[in-house]
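> Note that the numbering used here numbers the sequence shown so that position 130 is 130, with each residue one more than the last. Note that beta-carbon positions come from the ideal geometry of N, C-alpha and C, so glycine has one too.
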Amino acid sequence: MPVEDETAKTGQGAGTAQPGTRRPGGRTARTRTAVRDAVLAGLTEHGYSGLTVEYVAEHSGVHKTTLYRRWGGVDGLIADTLDLAGEDRWTPPDTGSLDGDLRALATEVLQSFTDPTTAAPSSAVIAAAFPSERAAAALRAYYTERFARCEAIVDRAVARGDLPGPRSTLDAGALVRALAAPLFFRLFITREGLDEKDTEQAVALTLAAARAGVFTTGE
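(1) Does the Cβ of GLY222 have 16 or more other Cβ atoms within 10 Å, making it buried, or fewer, making it exposed?
(2) For LEU170, write down the residues that DSSP places opposite it in a beta bridge.
(3) Just to confirm the assignment: which complete alpha helix (DSSP H) runs, minimum length 4, are found wholly within the stretch 33-101?
(4) Does the distance from the CB of THR199 to the CB of LEU84 come in under 8 angstroms?
(5) Return the CA-CA distance between LEU40 and PHE188, expressed in angstroms with no decimal places.
(6) Determine the DSSP secondary structure at THR190, reduced to helix, strand or coil.
(7) Could you spell out where the alpha helix (DSSP H) holding LEU139 opens and where it closes?
(8) With a threshold of 8 angstroms, are at least 3 pairs of Cβ atoms found where one atom belongs to the stretch 95-112 and the other to the stretch 41-57?
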């Protein structure tokens, strides 16, 4: 679930959109993509404290006056970068079993934050959410939407009989978060790094908890 995924979507008209909100496609979409790439490059190179509107202007080819008018500043630029990342067509893995789906999802997290092509920008955006409240809100919205997509994993598991039903009694969001939580803890709290052993442990713990009824709401 890398945060720099490609996107393409329409949004509000230019006359009503607030700084950093979705815009129509075409030239404006290309501008957003150029700005997004510059923001990610700046965060990767300099971190939140070193990212400036001037840097984004220089590396995106968009005049800083336009950046201030449309995004309001650095926090708005980071928020829109996350908003843009969340507009992609990413879907959770469908391997045919709950075990396989969770393992594939954990592997995606592992690859996103260890692969040299995605690790630095993905980590930089998350790091920016610590000093910036607006970036934190955007990051929370991004992952809330990502986890909502992952509820399909639980839907399929119940339909197959991998998990006891009915589906209405299962907190699918809590189940998926339980898988991701130890992985992100190692990545961003203890900074221990992540490997396949860690993802296997997270999968095993989540499966055991799910089958023990930990995520059953009792409704």
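Judging by the given coordinates:
(1) Since the first residue of the chain shown is 1 and the last is 219, residue 222 is not available in this structure.
(2) THR216
(3) 53-60, 64-71 and 74-85
(4) In this structure, THR199 keeps its C-beta atom at 8 angstroms or more from the C-beta atom of LEU84.
(5) 18 angstroms
(6) coil
(7) 133-160
(8) With the cut-off at 8 angstroms, the stretch 95-112 and the stretch 41-57 do not touch.
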